[in-house]
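So that you can map any letter, position 188 of the sequence shown is 188 in UniProt numbering, and since no number is skipped, the others follow by simple counting. For glycine and all other residues, C-beta sits at the position ideal for the given N, C-alpha and C. Because the structure is a prediction, the values reported are computed rather than measured. For reference, the structure discussed in these notes is given below.
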Amino acid sequence: MDEIYSKVVCRENQLNDLFNLFGDDNEPLPCSIFISGSMATGKTLCLQTVLNYLRYKYVFVDCIECYSSKIMFENILSALNDENEDVKCENLMDFINCLNRLPNNYEPIVIVFDRVERLRNMDQNLLPVLLKLREFCKLNICTILVTHLIFENFNFKFGVREPIKLYFPNYNKEELFRIIFLYQKSFVQHLLNHFDIEDETTELIEKPELFANFLNAFLSVFYRPCRDLIELKHMARLNFIKYCEPIIKGEIQSNDLTKLWRHISPILKTSLELLYLRISDMRQFKPSPGKENSESLYAKEFCLEKTLKDELSSTKTFAQSFELPYFAKYLLIAAYLASYNPPKEDKRLFMKNHGKQRKQMRQIKAKAKINEKLSTQLGPKVFTLDRLLAIFYAILEDKIGLTSNLLAQIATLVELKLIAGSKEIDLDTAKYKCIVGYDFISAIAQTVGFNIRKYLYDFI
Numbered sequence: 001m002d003e004i005y006s007k008v009v010c011r012e013n014q015l016n017d018l019f020n021l022f023g024d025d026n027e028p029l030p031c032s033i034f035i036s037g038s039m040a041t042g043k044t045l046c047l048q049t050v051l052n053y054l055r056y057k058y059v060f061v062d063c064i065e066c067y068s069s070k071i072m073f074e075n076i077l078s079a080l081n082d083e084n085e086d087v088k089c090e091n092l093m094d095f096i097n098c099l100n101r102l103p104n105n106y107e108p109i110v111i112v113f114d115r116v117e118r119l120r121n122m123d124q125n126l127l128p129v130l131l132k133l134r135e136f137c138k139l140n141i142c143t144i145l146v147t148h149l150i151f152e153n154f155n156f157k158f159g160v161r162e163p164i165k166l167y168f169p170n171y172n173k174e175e176l177f178r179i180i181f182l183y184q185k186s187f188v189q190h191l192l193n194h195f196d197i198e199d200e201t202t203e204l205i206e207k208p209e210l211f212a213n214f215l216n217a218f219l220s221v222f223y224r225p226c227r228d229l230i231e232l233k234h235m236a237r238l239n240f241i242k243y244c245e246p247i248i249k250g251e252i253q254s255n256d257l258t259k260l261w262r263h264i265s266p267i268l269k270t271s272l273e274l275l276y277l278r279i280s281d282m283r284q285f286k287p288s289p290g291k292e293n294s295e296s297l298y299a300k301e302f303c304l305e306k307t308l309k310d311e312l313s314s315t316k317t318f319a320q321s322f323e324l325p326y327f328a329k330y331l332l333i334a335a336y337l338a339s340y341n342p343p344k345e346d347k348r349l350f351m352k353n354h355g356k357q358r359k360q361m362r363q364i365k366a367k368a369k370i371n372e373k374l375s376t377q378l379g380p381k382v383f384t385l386d387r388l389l390a391i392f393y394a395i396l397e398d399k400i401g402l403t404s405n406l407l408a409q410i411a412t413l414v415e416l417k418l419i420a421g422s423k424e425i426d427l428d429t430a431k432y433k434c435i436v437g438y439d440f441i442s443a444i445a446q447t448v449g450f451n452i453r454k455y456l457y458d459f460i
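Here it is in structure tokens:
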């Protein structure tokens, strides 16, 4: 067991649970197991490690690749069939008949369905049958459903056999430190591949203490907003180069933790805005054509030369990198218009037959001071959910109904920090405020062909 624990760290309890469930070769397998947990929590890795250790016959099915039940059934039967022959299986009944034709020597068979939430869009009887597949065939077979959703999110229209549930929690800060620290050599090698470094400096960078100090600083900034191990490894790899840059140049000693923290702290906070975007923030240093680089030591240096705005080169590129859904873009535009337009001007701005507007003297004087009173410069105002939806339907040419998916996109905009407000959708009490700038919303509006200046009170 120590060998297994060394391969899969920080998952001892889950590994023990899996070993207890599978038992020995001559014991019957459980009918079905439901494994849930967030992304990158070791679900698939633990399963593969345990099944390989026990030497059970198993099949891993990626439900994204097997987008139809026919492809899924044929892949499973081809993997279970020792003879290399093409298997044809059109439906669920054919699949069960083919399983019954397999030799029954009570050999343990495990079928793992990864990303099983994709099967909810297939036949309604598919998941219920998979949960009790052992009852339909004469094999010692177990089906394992792996997903990031909880079991209650799978709505069954008729009774199902409830599986054994196993939950994989998120890694805590100490566990993340321990796991990422295992990749210390690969981080250092990645750095050495792009730097020409002297041997003395290389010895300093290869010290585990330096990498441990970096990880402590990195997780102190990134642990709260992100628990995804894959994304944390990616961001740590990028920022480790910047952390070592002053050490390579000889500007800071490797044991001077205070100066290193002052150097890396603003860079880490800036990198938070690149989280999940996977935008490259390193560029290769190249000497000018026809000139020799005076610092040959850094001829191949990769460095974080610019901050987020410099890398994205403009707010427009940054806005387009969000890749929001079509209606979410219109909801964000409506939120901006609601934040920066006076509510009393909604009728004139968004209704075709709003009547004539009399220009009073005080309005003319107010317009003369427009530079002092631009709403877009004074900051966003709070608006209600019903006003947001009213503006949304006024600017949207397509006629759509008010659905739960549409309301869920408002919560997504709040989650992305594009709108400030509550994630709870309440038509009576919910209030919001758009917190993006004019340049950002102009770039979003341009992607859907919407002229936002036409609907802003400041530009009338």
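Check whether the Cβ of residue i sits closer than 8 Å to any heavy atom of the ligand FAD, and report yes or no.
i       : result
Glu-345 : The ligand FAD is absent from the structure shown, which contains no ligands of any kind.
Our contact map puts residue i next to residue j with C-beta atoms below 8 Å; I'd like the distance itself, whole angstroms only.
i           : j       : result
residue 461 : Thr-147 : Residue 461 lies beyond the residue range present for the chain, which begins at 1 and ends at 460; the question has no answer from this structure.
Ile-435     : Ser-442 : With 8 Å as the limit, Ile-435 and Ser-442 do not qualify as a contact, their Cβ atoms being about 15 Å apart.
Tyr-455     : Leu-349 : 5 Å
Lys-433     : Ile-410 : With a Cβ gap of about 13 Å, Lys-433 and Ile-410 do not count as contacting.
Tyr-457     : Pro-342 : 6 Å
Val-50      : Phe-95  : About 26 Å; that fails the 8 Å criterion.
Leu-119     : Phe-34  : So it is not a contact: roughly 13 Å between Cβ atoms.
Lys-138     : Asn-100 : 6 Å
Leu-21      : Ile-4   : With a Cβ gap of about 15 Å, Leu-21 and Ile-4 do not count as contacting.
Ile-76      : Arg-115 : Going by Cβ atoms, the distance from Ile-76 to Arg-115 rounds to 15 Å, so no, they are not a contact pair.
Lys-98      : Val-110 : In the sequence under discussion, the amino acid at residue 98 is Cys, which differs from the Lys named in the question. Not a contact, Cβ separation roughly 17 Å.
Leu-29      : Pro-108 : 6 Å
In terms of alpha-carbon separation, which member of the options lies closest to residue i?
i       : options                            : result
Tyr-93  : Asn-239, Leu-45, Leu-133           : The sequence given here places Met at residue 93; Tyr does not occur at that position. Ranking Asn-239, Leu-45, Leu-133 by Cα distance to Met-93 puts Leu-133 first.
Ala-236 : Asn-213, Glu-251, Thr-429          : Asn-213
Phe-459 : Ile-76, Val-414, Tyr-340           : Tyr-340
Pro-325 : Asp-123, Ile-180, Phe-187, Leu-406 : Leu-406
Val-160 : Glu-245, Leu-145, Phe-19, Asn-125  : Asn-125
Leu-204 : Lys-249, Tyr-223, Leu-219, Phe-168 : Lys-249
Leu-413 : Ala-394, Leu-388, Tyr-393          : Leu-388
Thr-258 : Asp-386, Leu-210, Leu-21           : Leu-210
Gly-42  : Ile-264, Met-122, Leu-176, Thr-403 : Leu-176
Phe-195 : Met-72, Ile-400, Ile-247, Gly-401  : Ile-247
Leu-268 : Leu-229, Phe-222, Ser-254, His-234 : Phe-222
Lys-417 : Pro-30, Leu-385, Lys-347, Ala-335  : Ala-335
Arg-55  : Asp-24, Asn-100, Leu-260, Glu-12   : Asp-24
Arg-227 : Ser-186, Phe-218, Lys-347, Asn-172 : Asn-172
Glu-323 : Ile-444, Cys-10, Glu-198           : Ile-444
Taking the C-alpha atoms as reference points, what is the distance between residue i and residue j?
i       : j       : result
Glu-90  : Leu-131 : 20 Å
Phe-136 : Asn-170 : 36 Å
Ser-422 : Ile-391 : 19 Å
Leu-149 : His-190 : 35 Å
Cys-66  : Ala-79  : 14 Å
Leu-215 : Leu-45  : 24 Å
Lys-344 : Lys-431 : 17 Å
Val-8   : Ala-40  : 13 Å
Tyr-276 : Pro-163 : 34 Å
Glu-273 : Pro-225 : 11 Å
Phe-156 : Pro-128 : 8 Å
Asp-82  : Tyr-106 : 16 Å
Gln-446 : Ile-333 : 11 Å
Ile-264 : Tyr-243 : 6 Å
Ala-394 : Ile-179 : 51 Å
Glu-200 : Leu-331 : 57 Å
Val-61  : Ile-141 : 15 Å
Ser-69  : Met-122 : 7 Å
Leu-396 : Ala-338 : 15 Å
Val-112 : Met-72  : 12 Å
Ser-6   : Phe-440 : 48 Å
Tyr-53  : Leu-260 : 44 Å
Glu-27  : Ala-328 : 53 Å
Ala-217 : Thr-270 : 14 Å
Lys-165 : Arg-262 : 46 Å
Phe-202 : Phe-181 : Reading the sequence as shown, one finds Thr at residue 202 and not Phe. Between Thr-202 and Phe-181, the C-alpha separation is close to 18 Å.
Asp-398 : Met-351 : 16 Å
Using the rule of at least 16 other Cβ atoms within 10 Å of the residue's Cβ for burial, across every protein chain shown, is residue i buried or exposed?
i       : result
Arg-153 : Reading the sequence as shown, one finds Asn at residue 153 and not Arg. The residue is exposed, with fewer than 16 neighbouring Cβ atoms inside 10 Å.
Asp-256 : exposed
Pro-208 : exposed
Asn-239 : buried
Gly-449 : exposed
Val-382 : exposed
Ser-36  : buried
Leu-402 : exposed
Glu-85  : exposed
Pro-266 : exposed
Ser-32  : buried
Asp-346 : buried
**Request:** Mind listing, in chain order, the continuous alpha helix (DSSP H) runs of no fewer than 4 residues lying wholly within the segment 382–434?
**Result:** Counting whole runs of 4 or more residues, the segment 382–434 contains the alpha helix (DSSP H) stretches 385–395, 404–415.
**Asked** Whole beta strand (DSSP E) runs in the segment 100–140 with 3 or more residues, listed along the chain?
**Response** Listed in chain order, they are 109–114.
**Request:** Could you name each continuous alpha helix (DSSP H) segment of 4 residues or more that falls completely within the segment 198–244, going from the start of the chain to the end?
**Result:** Within the segment 198–244, the complete alpha helix (DSSP H) runs of at least 4 residues are 199–205, 208–222.
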